[in-house]
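Colleague: The opening position of the sequence shown corresponds to residue 250 in the numbering used here, with each subsequent residue numbered one higher.
We put the CB at the ideal spot given by N, CA and C, even for glycine.
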Amino acid sequence: MAGAHDGGLGSVLQRDRFTFGALQEGEALVEPILGSWEANVDHALARSPIDVCSSRGEDAVVLGNLGVVRVLKVNTGGRRDIQVREGDLCLLLPFGKLDRFGYAELAYAYDCPDTIGLLAKRSKMDARILLPIPDSTVYSLPQWATYGRYFTAWDNWNKAYGCWRTQVVDDDPANHLVFGWGGGVAFAELMLAKRAGFRVAMTAGSDERIAFLRDNGITPVDRRQFPALSLPTRAERNDRERHQRRRASVAAFEDLVNDLSDGHGVAIFVDNIGEPLYDVTLAALAREGIVTTCGWKAGMRLSHLRGAECISRHIHVNTHVWRIQDSPAIRDFQEAEGWMAPKGSDVIYDFEAVPELADDYANGRIGSYFPMYSVNPL
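#1: Thinking C-alpha only, which one of Gly-257, Ser-552, Asn-289 is nearest Cys-361?
#2: According to the Cβ coordinates, are Ser-285 and Met-621 closer than 8 Å?
#3: Where in the segment 428-492 do unbroken runs of the alpha helix (DSSP H), each at least 4 residues long, occur, reported from the N-terminal end onward?
#4: Just how far apart, CA to CA, sit Leu-342 and Ser-389?
#5: Between which two residues does the alpha helix (DSSP H) holding Tyr-527 run?
#6: Evaluate contact between the segment 571-580 and the segment 447-463, counting only Cβ atoms and requiring at least three cross-stretch pairs below 8 Å.
#7: Would Phe-428 be called buried (16 or more neighbouring beta carbons within 10 Å of its own) or exposed?
#8: Based on the DSSP secondary-structure assignment, which residues constitute the bridge partners of Thr-541?
#9: Whole angstroms is fine: what's the gap from Asp-263's alpha carbon to Gly-257's?
#10: Bridge partners of Ile-597, per DSSP?
#11: DSSP state of Gly-259, grouped into three classes?
#12: Going by alpha carbons, who is nearest to Asn-567 out of Asn-314, His-513, Ile-282, Asn-407?
#13: Could you check whether the segment 539-555 touches the segment 511-525, counting it as contact only if at least three pairs of C-beta atoms, one from each stretch, sit closer than 8 Å?
#14: With a threshold of 8 Å, are at least 3 pairs of Cβ atoms found where one atom belongs to the segment 390-405 and the other to the segment 362-372?
#15: May I have the straight-line CA-CA distance separating Arg-463 from Gly-432, to the nearest angstrom?
#16: Nearest to Leu-554 by CA position, among Gly-538, Lys-373, Asp-528, is which residue?
#17: With a Cβ-Cβ cutoff of 8 Å, do Asp-363 and Glu-354 count as a contact?
#18: Within a Cβ cutoff of 8 Å, which residues of the same chain sit near Leu-480, ignoring the five residues on either side of it in sequence?
#19: Restricting to runs no shorter than 3 residues, where is the beta strand (DSSP E) found entirely within the segment 353-393?
#20: For Arg-218, which residues does DSSP report across the bridge?
#21: Rounded to whole angstroms, how far is the Cβ of Gly-226 from the Cβ of Ala-557, which I believe are closer than 8 Å?
#22: Tell me the DSSP secondary structure of Arg-232 in three-state form.
#23: Name the one or two DSSP bridge partners that Ser-285 has.
#24: When you compare the CB positions of Tyr-359 and Val-318, do they come within less than 8 Å of one another, or not?
#25: Under three-state DSSP, which class holds Phe-628?
#26: Touch check for the segment 500-514 and the segment 530-537: three-plus C-beta pairs under 8 Å?
#27: Under the three-state reduction of DSSP, which class applies to Ala-271: helix, strand or coil?
#28: What residues match up with Leu-426 in a beta bridge as DSSP calls it?
#29: With DSSP collapsed to three states, give me the class of Trp-571.
#30: Can you confirm whether the segment 382-396 touches the segment 262-279 when touching is taken to mean that 3 or more C-beta pairs between the two stretches lie within less than 8 Å?
#31: For the alpha helix (DSSP H) containing Gly-411, list its first residue and its last residue.
#32: Compare the C-alpha of Ser-623 against each of Ala-394, Thr-415, Asp-420, Thr-268 and name the closest.
#33: Quick check on Leu-554: does DSSP put it in helix, strand or coil?
#34: DSSP three-state call for Arg-296: helix, strand or coil?
#35: What I want to know is whether the C-beta of Gly-326 ends up closer than 7 Å to one or more non-hydrogen atoms of the ligand GDP.
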């Protein structure tokens, strides 16, 4: 990406040649095969919440930090901590700068300087952020290419569930509801919640997604039944009728949650949306409930009444990415347990159509929770 934003997000992308230096010790030359289109790419193109070019001090940035690559060459320099070899198919772990515990402070090919993403025919990177796909896997490369949503969900769910259990020590999860506003991460997280025995429900705004949720054992909630649920925009703040419509949508949504939860509210609410729905999330939350997030699709700034949250014993969980040391274990869990994007649930754009993908994603025109792009043939 480079240049000013003068139209759809796809117009921010520029296809051009770029060069990088020789492989340094510990680096790998890779050939991207499939890239997963993530919210961080959308944020980068929109230059919100930050302008990554300005933040990195670079005129142009090659985006794309989650996907499947083929290793072409490795400069091990004799180091024993390099586990990948030429020809390996690997998952790119999106870690730029790590903190002392192995969590991401800066994301690879996003806000971490001097990192080259997957929207390129060739790239090079630290070999330690390449995780080999199991040789004998029973899953397809498109299924593996969704791993970013699943790895993120694994980390967020385990923190949220652990916090919930500190207050609800031994009650049967079957008595409790886990709810998600939507998205691929929330879907993956609800599949974990279902495995743990919880009731699970999630909103969706299209017939395709409603059918997908139902087919995977998640109670679908048609978002179109609550058309005014989001906060009024700045332009609508003085529109009395708009506020009345919102109150009606909120009341109808709360009635539905009460029906699904036997009147108790949501035990764990996966809210990766943010400001437009945050007050609804808190109002729907049960006592001793958890609101958990690992994203901010529609707003980073939130406010609530601390006293009310304390009295209700609500715990707020905020995570980002996952711990790098956990990556092999999450991969192995996916392979062993089949916790994987359903076969055929993805949609793949050709490399030449990436600008179209950017615009379709930004405008909600993609039915799949797992959009991706192909770069090189397998």
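Modeller: This is what the structure holds:
#1: By 1-based counting over the sequence shown, the position of residue 361 is 112. Closest by alpha carbon: Asn-289.
#2: By 1-based counting over the sequence shown, the position of residue 285 is 36. By 1-based counting over the sequence shown, the position of residue 621 is 372. Going by C-beta atoms, Ser-285 is nearer than 8 Å to Met-621.
#3: As far as the segment 428-492 is concerned, its whole alpha helix (DSSP H) runs of at least 4 residues are 433-444, 456-464.
#4: Translated into the one-based positions of the sequence shown, residue 342 becomes position 93. Translated into the one-based positions of the sequence shown, residue 389 becomes position 140. Going from the Cα of Leu-342 to the Cα of Ser-389 covers about 18 Å.
#5: On the sequence shown, residue 527 is found 278 positions in, with the first residue counted as 1. 527-533 is the extent of the alpha helix (DSSP H) around Tyr-527.
#6: By the criterion of at least three beta-carbon pairs nearer than 8 Å, the segment 571-580 is not in contact with the segment 447-463.
#7: For the purposes of this step, residue 428 is taken as the residue at position 179 of the sequence shown. It counts as buried.
#8: Taking the sequence shown and counting its residues from 1, the one referred to as residue 541 is at position 292. According to DSSP, which records beta bridges pairwise, Thr-541 is partnered with Val-519, Val-566.
#9: Within the sequence shown, the letter at position 14 stands for residue 263. Within the sequence shown, the letter at position 8 stands for residue 257. Residue identity check: residue 263 is Gln in the sequence provided, not Asp. Pairing Gln-263 with Gly-257, the inter-Cα distance amounts to about 13 Å.
#10: For this step, residue 597 is matched to residue 348 along the sequence shown. Note: Ile-597 sits in a beta bridge opposite Met-621.
#11: Walking along the sequence shown from the start, residue 259 turns up at place 10. Here DSSP, grouped into helix, strand and coil, assigns Gly-259 to helix.
#12: Translated into the one-based positions of the sequence shown, residue 567 becomes position 318. Nearest option by C-alpha distance: Asn-407.
#13: Yes, they touch.
#14: No, because fewer than three Cβ pairs between the segment 390-405 and the segment 362-372 fall closer than 8 Å, the two stretches do not touch.
#15: Here the question's residue 463 lines up with position 214 in the sequence shown. Here the question's residue 432 lines up with position 183 in the sequence shown. The straight-line gap from Cα to Cα measures roughly 15 Å.
#16: The residue you call residue 554 lines up with position 305 of the sequence shown. Of the candidates Gly-538, Lys-373, Asp-528, Asp-528 places its Cα closest to the Cα of Leu-554.
#17: Sequence index remark: in the sequence shown, residue 363 carries index 114 (1-based). Sequence index remark: in the sequence shown, residue 354 carries index 105 (1-based). Contact check for Asp-363 against Glu-354 fails: the beta carbons are separated by 8 Å or more.
#18: The sequence position of residue 480 within the sequence shown is 231, counting from 1. Result list for Leu-480: Arg-495, Glu-524, Pro-525, Leu-526, Asp-528, in chain order.
#19: Correct list: 353-356, 372-375, 379-381.
#20: Here the chain covers residues 250 to 627 and nothing more, so residue 218 does not appear.
#21: Absent from the model: residue 226. The displayed extent of the chain is 250 to 627, so no value can be given.
#22: Since the first residue shown for the chain is 250 and the last is 627, residue 232 is missing from the structure and cannot be characterised.
#23: Locating residue 285 in the sequence shown gives position 36, where the first residue counts as 1. Ser-285 has Met-621 as its beta-bridge partners, per DSSP.
#24: As a first step, residue 359 is located in the sequence shown; it is residue number 110 there, counting from the start. As a first step, residue 318 is located in the sequence shown; it is residue number 69 there, counting from the start. No, these two residues do not count as a Cβ contact at 8 Å.
#25: Outside the shown range of the chain (250 to 627) lies residue 628, about which nothing can therefore be said.
#26: Segments in contact, yes.
#27: Numbered from 1 along the sequence shown, position 22 holds the residue referred to as residue 271. If DSSP states are grouped into helix, strand and coil, Ala-271 belongs with coil.
#28: As a first step, residue 426 must be located in the sequence shown, where it is residue number 177. Residue pairing from DSSP places Leu-426 in a beta bridge opposite Arg-448, Val-515.
#29: In the sequence shown, counting from the first residue as 1, residue 571 sits at position 322. Trp-571 falls in the coil class under three-state DSSP.
#30: Result no; under three Cβ-Cβ pairs closer than 8 Å.
#31: By one-based count along the sequence shown, residue 411 stands at place 162. Bounds of the alpha helix (DSSP H) holding Gly-411 are 396-416.
#32: Locating residue 623 in the sequence shown gives position 374, counting from the first residue. Out of Ala-394, Thr-415, Asp-420, Thr-268, Ala-394 has the C-alpha closest to the C-alpha of Ser-623.
#33: The sequence position of residue 554 within the sequence shown is 305, counting from 1. Reduced to three states, the DSSP call for Leu-554 is coil.
#34: Here residue 296 refers to the residue found at position 47 when the sequence shown is read from its first residue. Look at Arg-296 here: in three-state DSSP terms it is coil, with no helix or strand label.
#35: What this structure holds is no ligand at all, so the ligand GDP is not there to describe.
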